[in-house]
Amino acid sequence: MRGEICVGFASLFSLAALLLLIFTHVGQTSHSGVASQIAMAKVNVSGYGQALAKGFGDPIDGLYTFNATAPLEADLGLRQFYEFGMYSYCGYTSDSPKTGICTNHTTARRYEPYNALLADMQANYSIFTDAIILGTTFRNSGTLGSHTHSAYYLLLLGTICCGLALILGLIKHTLTFLLSAFFALVATLFVLVGSALWTVAINESADINRFVVGSSIPLGITVSTGTGLYLAWAAFACLFVSCIPYVISTCTYRG
Numbered sequence: 198m199r200g201e202i203c204v205g206f207a208s209l210f211s212l213a214a215l216l217l218l219i220f221t222h223v224g225q226t227s228h229s230g231v232a233s234q235i236a237m238a239k240v241n242v243s244g245y246g247q248a249l250a251k252g253f254g255d256p257i258d259g260l261y262t263f264n265a266t267a268p269l270e271a272d273l274g275l276r277q278f279y280e281f282g283m284y285s286y287c288g289y290t291s292d293s294p295k296t297g298i299c300t301n302h303t304t305a306r307r308y309e310p311y312n313a314l315l316a317d318m319q320a321n322y323s324i325f326t327d328a329i330i331l332g333t334t335f336r337n338s339g340t341l342g343s344h345t346h347s348a349y350y351l352l353l354l355g356t357i358c359c360g361l362a363l364i365l366g367l368i369k370h371t372l373t374f375l376l377s378a379f380f381a382l383v384a385t386l387f388v389l390v391g392s393a394l395w396t397v398a399i400n401e402s403a404d405i406n407r408f409v410v411g412s413s414i415p416l417g418i419t420v421s422t423g424t425g426l427y428l429a430w431a432a433f434a435c436l437f438v439s440c441i442p443y444v445i446s447t448c449t450y451r452g
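Numbering (our numbering), first residue to last: 198 to 452.
Structure follows, in structure tokens:
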């Protein structure tokens, strides 16, 4: 009976982790509803135009588009806010309420914020931006993209292993409890590394937050962590806790 009680607690934590990971995956797959509220990373470029105007001493026209339905990656102008998920990213002309559009869905989409911004800028502004933003990890799409590309598959495998641990734990047998413990441990490791890689990528790209134009003008581009990453870390915590009762149930169940 003791083993059954332990596996009940383990299943509860596994279910919580699975739901958290599912919500992590759906982030930014749509520009409305729950998905629009979940992102791995956020980039606010609403102050970039003002920074350019101060730096050049001239008004900046045509940098942004205020057409919320204009397609992304088409040189039609920056959006004020960008939010990145694991399958797509969205650009918003307004943050409250959210109005914008998303890219097509791509498996293991790479987090490349600099490329996303350049793809929306008109040619003259992309040239200026290339000349201004130098020596930052924010524009190192190779490194950031590699980290998050690998993180996607780790989080996906972690989600699958979490689901297997949950399902097998519902079958009352010492062997299935052992397999549940194994898959929970593997899922914990995968989610840990996947979340860590996303954390590293976001922290590295956040060096743009300290960038200045000239000697003292803030660039007006800021990177921040989205809800999706917090959900992934919460899923890791739930999985880690679930491992303990899974292991105990393997040792104590007599069926």
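Each residue gets a CB set at the ideal place from its N, CA and C atoms; glycine is no exception.
Computed from a prediction, not measured in an experiment: that's the story for all the values here.
Check: Is it a yes or a no for the region 386-396 touching the region 347-365, going by three-plus beta-carbon pairs under 8 angstroms?
Finding: yes
Next item on the list: Go through the region 217-280 residue by residue and report every complete run of the beta strand (DSSP E) that reaches 3 residues or more, in order.
Entry: 238-241
Notebook entry, point to check: Can you tell which of 234, 437, 393 has the C-alpha that lies nearest to the C-alpha of residue 280?
Noted result: As a first step, residue 280 is located in the sequence shown; it is residue number 83 there, counting from the start. For residue 280, the nearest C-alpha among the options comes from 234.
Checklist line | Residue span of the alpha helix (DSSP H) that contains residue 322, given as start and end | finding: On the sequence shown, residue 322 is found 125 positions in, with the first residue counted as 1. Looking at the DSSP string, the run of the alpha helix (DSSP H) that includes residue 322 is 320-329.
Notebook entry, point to check: Nearest-angstrom Cα distance between residue 381 and residue 428?
Noted result: By one-based count along the sequence shown, residue 381 stands at place 184. By one-based count along the sequence shown, residue 428 stands at place 231. About 17 angstroms.
Margin query: Need the endpoints of the beta strand (DSSP E) that residue 288 sits in, please.
Written below: Your numbering for residue 288 matches position 91 in the sequence shown. That run of the beta strand (DSSP E) goes 286-292.
Check: For the beta strand (DSSP E) that residue 422 lies in, which residues bound it at each end?
Finding: Counted from its first residue, the sequence shown places residue 422 at position 225. Counting along the chain, the beta strand (DSSP E) containing residue 422 begins and ends at 419-422.
Item checked: Cross-strand partners of residue 298 (DSSP beta bridge) -> For the purposes of this step, residue 298 is taken as residue 101 along the sequence shown, with counting starting at 1. Beta-bridge pairing links residue 298 to 288.
Next item on the list: Might you give, ordered along the chain, the residues of its own chain that have their beta carbon closer than 6 angstroms to the beta carbon of residue 419, omitting 5 neighbours on each side?
Entry: In the sequence shown, counting from the first residue as 1, residue 419 sits at position 222. Excluding positions up to five away in sequence, the list reads 241, 406.
Check: When you compare only the Cα positions, how much space is there between residue 417 and residue 247?
Finding: The residue labelled residue 417 in the question sits at position 220 within the sequence shown. The residue labelled residue 247 in the question sits at position 50 within the sequence shown. The straight-line gap from Cα to Cα measures roughly 7 angstroms.
Margin query: On the DSSP letters alone, give me the boundaries of the alpha helix (DSSP H) that residue 311 sits inside.
Written below: If you number the sequence shown from 1, residue 311 lands on position 114. Segment 310-317, the alpha helix (DSSP H) holding residue 311.
Margin query: By the three-class DSSP mapping on this structure, what secondary structure does residue 368 have?
Written below: Residue 368 sits at position 171 when you count from the first residue of the sequence shown. Residue state, collapsed to three classes: coil.
Next item on the list: Would you list, in sequence order, the uninterrupted alpha helix (DSSP H) runs of no fewer than 4 residues that lie entirely inside the region 332-361?
Entry: none
Note to self: Taking its Cβ as the centre, do 16 or more other Cβ atoms sit within 10 Å of residue 409, making it buried, or is it exposed?
What the structure shows: The residue you call residue 409 lines up with position 212 of the sequence shown. Residue 409 should be labelled exposed.
Item checked: Selected residue, minimal CA-CA separation from residue 430, among 215, 309, 271, 307 -> To locate residue 430, count along the sequence shown from 1; it is residue 233. Ranking the options by Cα distance to residue 430, first place goes to 215.
Next item on the list: Using 10 angstroms around the beta-carbon of residue 268, count the other beta-carbons present and answer buried if the total reaches 16, otherwise exposed.
Entry: Locating residue 268 in the sequence shown gives position 71, counting from the first residue. Exposed, because fewer than 16 other Cβ atoms sit within 10 Å of the Cβ of residue 268.
Next item on the list: Would you tell me roughly how many angstroms separate the C-alpha atoms of residue 211 and residue 364, rounded to the nearest one?
Entry: Translated into positions along the sequence shown, residue 211 becomes position 14. Translated into positions along the sequence shown, residue 364 becomes position 167. Going from the Cα of residue 211 to the Cα of residue 364 covers about 10 angstroms.
Note to self: Here's the rule I'm using: 16 or more other beta-carbon atoms within 10 Å means buried, otherwise exposed. How should residue 302 be labelled?
What the structure shows: One-based indexing of the sequence shown puts residue 302 at position 105. By the neighbour-count rule (16 or more Cβ atoms within 10 Å), residue 302 is not buried but exposed.
Check: When you compare only the Cα positions, how much space is there between residue 205 and residue 376?
Finding: Taking the sequence shown and counting its residues from 1, one reaches residue 205 at position 8. Taking the sequence shown and counting its residues from 1, one reaches residue 376 at position 179. Between residue 205 and residue 376, the C-alpha separation is close to 15 angstroms.
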